[in-house]
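For reference, the structure is listed below as structure tokens.
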Amino acid sequence: MRIGIVCYPTVGGSGVIATEMAMALAARGHELHLLSYDRPGRLRGGIPGLRFHEVAVSAYPLFRYPPYDLALATRMLEVREEAKVDLFHVHYAIPHAVSAFLARSMCGGSLNFVTTLHGTDITVVGNDRSYMRPTRFALDQSDALTAVSRYLADETHLMFGVKQNVEVIYNFVDTERFRPSDSPPWHRRSDEERLLVHVSNFRPVKRVGDVVRAFAAIQREIPARLLLLGDGPDREHALAVASDLGCSHRVEHLGMRDNLPEVLPQADLFLSASQTESFGLSILEAMSCGVPCISTDVGGVAEVVGDTGRLVPLGDTDAMARAAVDLLSDADRFDTIAAAARQRAIEHFATDRVVAQYEALYQRVVD
Ligand code: GMT
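Here's what the structure looks like:
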């Protein structure tokens, strides 16, 4: 098939999944066209059958807000005409689904598009009354609509009242790239210092301050260090919490990293304190590396983690710390959970298994 994929290029999970999907589909012999306003961070070069198309937005003094949605609709039409794409798959509803509908309307109604909902496009931004009506309209106009968890599919029906069926297709992970390393776990290292990790875009919704609060309590009980990976608006706040709680010397902020598959497997535990998380792609990537996760029990996280980690109530950093100390004090249990996390990633969320579901969906739409 000839497939156009539209996404955000930033480090957020929706852009990561869209880009990984484009690369996986190209590897399976499809012709892929990836559209975004910048080259996505996860896009590796030189992949046969995959082309990147930049969406350029012209500035004009009159425009306080340059209309990206129009530029994207135009680019989608151009790519369709040049490459004869069979269908577009837009990731994150706002404004991508609306642009797809506009592109379809401009070409006489013959353009197919699938919309995948990722999370805040429904639970946070989508809820904003400035965006809700066009978004709901475009969701109902999609040829197929998918959500990355059962939780998100249910929220979409509840909050948007869409008439369309929302099919659940989970996110995936490349279990070959994200795999356990040879580095021994804490109980086989001489210093027994536990390495904890958190990866996110440091937006307020991630509550990175809570991750640091939980960590401060953990390192009072057992030798531990915290690596913070990623970057965003709450970075300074998180580091200030570490300083207030007297554990700055044990917290290291590494920023954005291209080498996540090398860094993640060195950790013993992943911490996530998000206020909401439709899926939690970083959690899955950690699981795939054999790193168990302790997270707040929000959104679709339970669907990802299953019984291979521990979930605690939102905002309860003491419970998070207790769960971490328990797990990181019992070597046998830790090894069992770490192996189960890896196994769950392979059995339920491996790339081929999930990408095949999208292929079947595309075929249905095209037929
Ligand atoms: O909302 C964000 O933080 C970014 C967003 C995105 O566009 O990357 O993340 C959402 O999509 C990811 C990929 O499907 C999910 O793993 C995240 O759980 C989801 N974020 C939230 O629901 C907060």
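Numbered according to this note's numbering, the sequence shown terminates at residue 444, and the numbering increases by one at each position without gaps. Note that beta-carbon positions come from the ideal geometry of N, C-alpha and C, so glycine has one too.
Simplified DSSP assignment, three categories, for residue i
i, result
"Ile-80", "strand"
"Gly-92", "helix"
"Arg-297", "helix"
"His-107", "coil"
"Glu-131", "strand"
"Thr-385", "coil"
"Leu-188", "coil"
"Arg-157", "helix"
"Leu-43", "Residue numbering for the chain in the displayed model covers 78 to 444; residue 43 lies beyond these limits and cannot be assessed."
"Arg-284", "coil"
"Ser-267", "coil"
"Val-443", "helix"
"Leu-490", "Here the chain has residues from 78 to 444 only, and residue 490 is not among them."
"Glu-329", "strand"
"Phe-178", "helix"
"Val-375", "coil"
"Phe-140", "coil"
"Phe-237", "helix"
"Ala-116", "Here residue 116 is Arg; the residue named in the question, Ala, does not match the sequence. Coil at Arg-116, not helix or strand."
"Val-250", "strand"
"Arg-410", "helix"
"Ala-427", "strand"
"Phe-165", "strand"
"Ala-224", "strand"
"Phe-347", "strand"
"Leu-322", "coil"
"Arg-152", "helix"
"Glu-354", "coil"
"Leu-405", "coil"
"Leu-438", "helix"
"Arg-256", "coil"
"Leu-448", "Because the chain is modelled from 78 through 444, residue 448 falls outside the range shown and cannot be assessed."
Of the residues the options, the one placed nearest residue i, counting alpha carbons only
i, options, result
"Asn-248", "His-110, Glu-159 and Ala-224", "Ala-224"
"Pro-93", "Val-402, Thr-394 and Leu-358", "According to the sequence displayed, residue 93 carries Val and not Pro. Comparing Cα-Cα distances from Val-93 to each of Val-402, Thr-394 and Leu-358, the minimum goes to Leu-358."
"Arg-181", "Ser-219, Ala-350, Asp-115 and Leu-346", "Ser-219"
"His-168", "Ala-101, Ala-160, Val-191 and Cys-184", "Val-191"
"Ala-433", "Ile-82, Met-98 and Ser-91", "Met-98"
"Gly-89", "Thr-197, Ala-418 and Ser-176", "Thr-197"
"Glu-329", "Cys-184, Val-289 and Cys-366", "Val-289"
"Asn-242", "Ser-176, Arg-213 and Glu-158", "Arg-213"
"Asn-278", "Pro-310, Tyr-137 and Val-245", "Pro-310"
"Ala-396", "Leu-303, Ala-350, Ala-104 and Phe-411", "Ala-350"
"Asp-146", "Ala-177, Ser-260, Glu-159 and Phe-140", "Ala-177"
"Met-209", "Cys-184, Thr-193, Met-236 and Leu-194", "Met-236"
"Arg-266", "Val-378, Leu-111, Arg-256 and Ala-344", "Ala-344"
"Pro-211", "His-173, Arg-399, Glu-159 and Gly-185", "His-173"
"Met-471", "Glu-158, Arg-421 and Cys-324", "This structure cannot speak to residue 471, because the chain is shown only from 78 to 444."
"Val-245", "Phe-255, Arg-256, Asp-231 and Ala-398", "Asp-231"
"Ser-260", "Ala-398, Ala-104 and Cys-366", "Cys-366"
Sub-8 Å separation of residue i and residue j beta-carbons
i, j, result
"Gln-296", "Arg-327", "yes"
"Thr-252", "Ile-199", "no"
"Leu-388", "Trp-263", "no"
"His-107", "Ile-124", "no"
"Ser-226", "Gly-383", "no"
"Pro-342", "Ser-207", "no"
"Thr-394", "Ala-294", "yes"
"Leu-179", "Ala-150", "yes"
"Val-156", "His-130", "yes"
"Gly-286", "Asp-308", "no"
"Ser-355", "Leu-229", "yes"
"Glu-313", "Leu-337", "no"
"Leu-102", "Leu-109", "yes"
"Arg-334", "Leu-306", "yes"
"Val-134", "Ile-171", "no"
"Asp-205", "Val-239", "no"
"Pro-369", "Ala-418", "yes"
"Gly-386", "Ile-414", "yes"
"Ala-401", "Leu-322", "no"
"Pro-86", "Arg-128", "no"
"Phe-165", "Leu-188", "yes"
"Leu-112", "Met-153", "yes"
"Arg-284", "Met-364", "no"
"Leu-348", "His-275", "yes"
Whether or not the stretch 263-280 and the stretch 403-418 are in contact is what I'm after, with contact meaning three or more pairs of Cβ atoms, one per stretch, closer than 8 Å; do they touch? Per the Cβ contact rule, the stretch 403-418 is in contact with the stretch 263-280 (3 or more Cβ pairs under 8 Å).
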